[in-house]
Amino acid sequence: MKHLPKHLRPRWRYLAVELETWPDERIGRRSFQRELWYAGQNVLGDPGSADADLTVVRFEFADGTGEAVVKVRRGETEPARAALACIDGIDGAPVGVRVRGISGTIRAAEENYLGRDRQDSGERNVVFGNEERAAVLRDDVGDVRLDEAFVGATDLDYHLV
Numbered sequence: 003m004k005h006l007p008k009h010l011r012p013r014w015r016y017l018a019v020e021l022e023t024w025p026d027e028r029i030g031r032r033s034f035q036r037e038l039w040y041a042g043q044n045v046l047g048d049p050g051s052a053d054a055d056l057t058v059v060r061f062e063f064a065d066g067t068g069e070a071v072v073k074v075r076r077g078e079t080e081p082a083r084a085a086l087a088c089i090d091g092i093d094g095a096p097v098g099v100r101v102r103g104i105s106g107t108i109r110a111a112e113e114n115y116l117g118r119d120r121q122d123s124g125e126r127n128v129v130f131g132n133e134e135r136a137a138v139l140r141d142d143v144g145d146v147r148l149d150e151a152f153v154g155a156t157d158l159d160y161h162l163v
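Under the working numbering, think of the first position of the sequence shown as 3, with each following residue one higher.
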């Protein structure tokens, strides 16, 4: 079977996506892909979802933050962004999703929008609510552990021990 000529092949755009949740949550590529497909079907309907053809091509997640590259057909980037904006949780974990940029190649998406601006996170003890607690700190924000859950806080809400 012959390949299609270059001018007849489908053209793609790649969305660089940033993910953030609580530090103790684990999110896998398959569960993110499943939520993306469900969001696409719910927002765009079956024909719109098929037109966008949302596919996760790169995925990395650790310590509550992650990055993904989502492949979408050219001309369907705005519907794809709408579908991504509808994702608020994955496997019961609340998730923040942000599109950092759109590119014509996977390599350009990774170089321009992902990886270089990565936040360093570290676990430290902080004073929060007049008690010493464990927290995961990223730049000027942190997630402070309260018994069985986390609460988001800025550097104005806690003091380092």
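Glycine included, each C-beta is placed from N, C-alpha and C at the ideal position.
Asked	Found
Three-way DSSP call (helix, strand, coil) for Asn132 in this model	coil
Cβ-based burial, Ala137 [other Cβ within 10 Å; buried from 16]	buried
Cβ separation of Glu22 and Gly94, assumed to be a contact under 8 Å, to the nearest whole Å	Rounded, the Cβ-Cβ distance is 16 Å, inconsistent with contact.
Close Cβ partners of His161 (< 7 Å) along its chain, the five nearest in sequence each way excluded	Val128, Val129
Glu134 beta carbon less than 8 Å from that of Ile89	no
Own chain partners of Ala70 with C-beta closer than 7 Å, once the 5 adjacent residues on each side are dropped	Val19, Leu21, Phe34, Val58, Arg60, Phe61
Ile92 (DSSP reduced to helix, strand or coil)	strand
Cα-Cα separation, Phe152 to Pro12	44 Å
Ile108 to Arg15 span [Cα, whole Å]	8 Å
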